[in-house]
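Enquirer:
Residue numbers (UniProt numbering): 1 to 207.
Following this line, the structure appears as structure tokens:
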């Protein structure tokens, strides 16, 4: 890390945990990624870290219910966290309820968490799950940065309209929530997203 900037290319898989008690020690600083299963969360993580399969290679089949941790800058004090995708997994409702409980415990109790990157498909933003995540963040006063992914699927004007519409709907949370367009395919919005994560992670380090 240099001058308050983290080299996200240094991200390396650390550990997967099924619940909060088995997560790494609650020290340092981490940024978590959340989103529906089809929102492009893995692609966003891989794009931001300039790695082709970081978010997938850490997950063998059956690991979709786990919280996955990645170290940054060869320092376990800095971490990215890939939270379980939600919404389209073909699992029993009881399992989904367990996922929700573990997500809730992580978001409410994890002291190292400095900010939440909430991934939404620009064509289908603010789903029920997204609203639930925003509700949790609001209760804990946790800053959220929304990545409106797959921006390349829309014409520029339509993508901007979706961005503005989301900002209007979240106007009451503007002190807590920020929003941007993002495209893994076009690498659109990478610098803006990395700058947001730098601000969260480095603020923790300076505190």
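Even for Gly, the Cβ is constructed at its ideal location relative to N, Cα and C. Just so you know, these numbers come straight off a predicted model, no measurement behind them.
Cβ of residue 121 versus every heavy atom of the ligand PLP: is any distance shorter than 8 Å?
Expert: Among the components modelled here there is no ligand, and therefore nothing to report on the ligand PLP.
Enquirer: Tell me whether residue 174 is buried or exposed, calling it buried when 16 or more other Cβ atoms sit within 10 Å of its Cβ.
Expert: exposed
Enquirer: Cβ atoms of residue 12 and residue 74: under 9 Å apart, would you say?
Expert: yes
Enquirer: Mapping DSSP to helix, strand and coil, what is residue 102?
Expert: In this structure, residue 102 counts as helix in the three-state DSSP scheme.
Enquirer: Just tell me which of 150, 198, 199 and 202 has its CA closest to the CA of residue 180.
Expert: 150
Enquirer: In terms of alpha-carbon separation, which member of 99, 46, 118 and 14 lies closest to residue 68?
Expert: 14
Enquirer: Near residue 99, which residues of its chain fall below 7 Å by C-beta distance, leaving aside the five closest residues on each side in sequence?
Expert: Taken in chain order, the residues that qualify are 65, 84 and 86.
Enquirer: Please specify which runs of the beta strand (DSSP E), each continuous and at least 3 residues long, are wholly inside the segment 104 to 141, giving them in chain order.
Expert: Runs of the beta strand (DSSP E) inside the segment 104 to 141: 113 to 121.
Enquirer: Is residue 174 helix, strand or coil when you go by DSSP?
Expert: Assignment of residue 174 by DSSP, reduced to helix, strand and coil, places it in the coil class.
Enquirer: Under 7 Å Cβ to Cβ from residue 199, same chain only, skipping five residues before and after it: list those, please.
Expert: none
Enquirer: Is the segment 94 to 113 in contact with the segment 44 to 52, if contact means three or more CB pairs nearer than 8 Å?
Expert: no
Enquirer: Residues bridged to residue 164 by DSSP?
Expert: Answer is none; residue 164 lacks a bridge partner.
Enquirer: Taking the alpha-carbon positions, what's the residue 63 to residue 162 distance?
Expert: Reliability fails at residue 63, whose pLDDT of 45 lies under 50, so the model's placement of it is uncertain and no value is given.
Enquirer: Helix, strand or coil: how does DSSP classify residue 232 here?
Expert: Here the chain comprises residues numbered 1 to 207, so residue 232 is not present and cannot be evaluated.
Enquirer: Between residue 153 and residue 170, what straight-line distance do the alpha-carbon atoms span, to the nearest angstrom?
Expert: About 23 Å.
Enquirer: Rounded to whole angstroms, what's the CA-CA distance from residue 32 to residue 39? Just pull it up for me.
Expert: 15 Å
Enquirer: Start and end of the alpha helix (DSSP H) containing residue 47?
Expert: 41 to 48
Enquirer: Does the beta-carbon distance from residue 191 to residue 111 come in below 9 Å?
Expert: no
Enquirer: Evaluate residue 104 with the Cβ neighbour count: other Cβ atoms within 10 Å of its Cβ, from every protein chain shown; 16 or more gives buried, anything less gives exposed.
Expert: exposed
Enquirer: Put residue 35 into one of helix, strand or coil per three-state DSSP.
Expert: strand
Enquirer: If I follow the unbroken beta strand (DSSP E) through residue 12, where does it start and stop?
Expert: 12 to 17
Enquirer: Using only the alpha-carbon positions, how far apart do residue 207 and residue 155 sit?
Expert: Confidence at residue 207 is low in this model, with a pLDDT of 43, below 50, so its placement is unreliable and no value can be given for it.
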